[in-house]
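Here is the structure we will look at, set down as structure tokens.
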Amino acid sequence: MSGEFNLIDKYFVGRQSQRKDVHLAAGDDCALVKAPANVQIAISTDTLVAGTHFLADANPAWVAHKALASNISDLAAMGATPAWVSFALTMPEPDEEWLAPFCDAFFELADYYGIQLIGGDTTKGPLCLTLTVQGFVPEDKALTRSGAKPGDWVYVTGNLGDAKAGLDVILDDSLRSRAGAEALERAHYLSSPRVLAGQALVGLASSAIDISDGLISDIKHILQRSQVGVSIDVSQLPISSELVQFLDDKISAQQYALASGEEYELCFTLPEQNRGSLQSALSHTGCKVTCIGQIRPNGTFELHDNNQPLDWDLSGFDHFK
């Protein structure tokens with residue numbers, strides 16, 4: 321296989337779902353799409369770099385899943401419906417043994433969420449993936465980070481901490497013998513974006529964010545944009561049995577749950593008057609939610625364990641540290 325266009329034709333053209341709202345897709349200078357009436361377009365871009373976000377020798381199918389899922393998760397956090405994606409791929413040399421499983425997994429996940437690939441680029445260089453995913457949300461109904469109010473309750477979807485432990489396994493082969501290691505490694509790469517949950521929270525939640533850099537880091541974005549504080553009860557953090565077995569320590573598991581990035585779960589705030597509607601709204605999503613704290617009127621960040629204050633010095637992921 322040689323040449324950029326041969327690569328595109330073999331692995332990307334004609335593989336994607338065909339959406340009726342795509343009038344012109346990959347193969348021209350631009351894509352042309354038609355959005356439904358009375359919606360706003362949600363757009364998110366993420367870059368994944370080998371050696372930073374995944375190891376160069378990682379399973380390419382898992383890398384594909386992680387790359388697309390992380391973008392879809394941004395749409396989920398705003399209650400948006402995924403629709404289109406563009407993809408720029410930089411790699412040292414065309415590698416069919418890498419591209420074949422990568423593209424199979426990429427299009428499998430795209431098809432699952434009804435996403436069509438509408439364009440992109442390929443070039444030679446260090447392995448790097450940049451995706452821009454687009455979707456739509458009812459006009460003026462998008463979930464944002466700026467709506468939390470004092471008294472709102474703080475919830476998260478799923479379990480927290482698994483992705484961080486999975487990264488430990490990836491980086492240290494000696495940990496693979498521990499109980500739960502295999503499941504945690506899969507959790508690091510194979511997250512499930514909470515699209516249905518995000519859509520169900522539109523009109524109920526006052527704010528939301530996806531947990532990509534760690535709960536501590538990400539909820540602080542809500543606090544800053546909403547100009548509020550928060551109190552979190554670590555005893556309520558949802559933690560998997562695999563994480564507890566792997567760490568063999570409850571406190572460590574709680575700290576992992578607070579600091580773990582790349583979870584792609586949702587953290588959201590809910591007004592008191594909407595709490596009674598939450599479970600019925602989420603009943604079709606197959607997604608559990610857990611209340612972990614409450615929004616406060618000041619700008620402080622408080623951790624406690626059954627009303628006992630904690631002074632843990634934890635932080636999430638920072639790309640430049």
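Note that my numbering has the sequence shown beginning at 321, numbered continuously upward.
Think of the CB as a built atom: it goes at the ideal place given N, C-alpha and C, for glycine as much as any other residue.
None of the values given here were measured: they were computed from a predicted structure.
By Cβ distance, which residues of its chain are closer than 6 Å to residue i, with the 5 residues on each side in sequence left out?
i           : result
residue 408 : 440, 441, 450
residue 500 : 562, 565, 566
residue 421 : 380, 381
residue 443 : 410
Taking all protein chains shown into account, decide if residue i is buried (16 or more other Cβ within 10 angstroms of its Cβ) or exposed.
i           : result
residue 393 : buried
residue 484 : buried
residue 638 : Note on residue 638: pLDDT 44, under 50, position unreliable in the model; no value is reported.
residue 466 : exposed
residue 573 : buried
residue 326 : exposed
residue 589 : buried
Can you list, in chain order, the residues of its chain with a C-beta nearer than 8 Å to that of residue i? Leave out the 5 residues immediately preceding and following it.
i           : result
residue 459 : 358, 359, 360
residue 350 : 344, 439
residue 605 : 514, 516, 517, 520
Taking only the alpha-carbon atoms, compute the straight-line gap between residue i and residue j and give it to the nearest angstrom.
i           : j           : result
residue 618 : residue 395 : 29 Å
residue 577 : residue 348 : 45 Å
residue 530 : residue 541 : 11 Å
residue 384 : residue 608 : 26 Å
residue 612 : residue 387 : 28 Å
residue 337 : residue 456 : 17 Å
residue 582 : residue 533 : 6 Å
residue 587 : residue 418 : 34 Å
residue 469 : residue 446 : 45 Å
residue 389 : residue 367 : 12 Å
residue 580 : residue 509 : 13 Å
residue 381 : residue 556 : 34 Å
residue 599 : residue 371 : 40 Å
residue 401 : residue 568 : 39 Å
residue 477 : residue 428 : 24 Å
residue 551 : residue 329 : 53 Å
residue 475 : residue 433 : 24 Å
residue 625 : residue 544 : 24 Å
residue 437 : residue 414 : 20 Å
Counting only the same chain and skipping the five closest in sequence on each side, list residues whose C-beta sits under 7 Å from that of residue i.
i           : result
residue 331 : 419, 423
In chain order, each beta strand (DSSP E) run of at least 3 residues that lies wholly inside the region 539-563: 549-553
Contiguous beta strand (DSSP E) assignments of at least 3 residues, all confined to the region 501-540: 527-530
Secondary structure, alpha helix (DSSP H): runs of 4+ residues fully inside the region 353-430: 380-397
Given 8 Å, three or more beta-carbon pairs between the region 614-631 and the region 486-506: no
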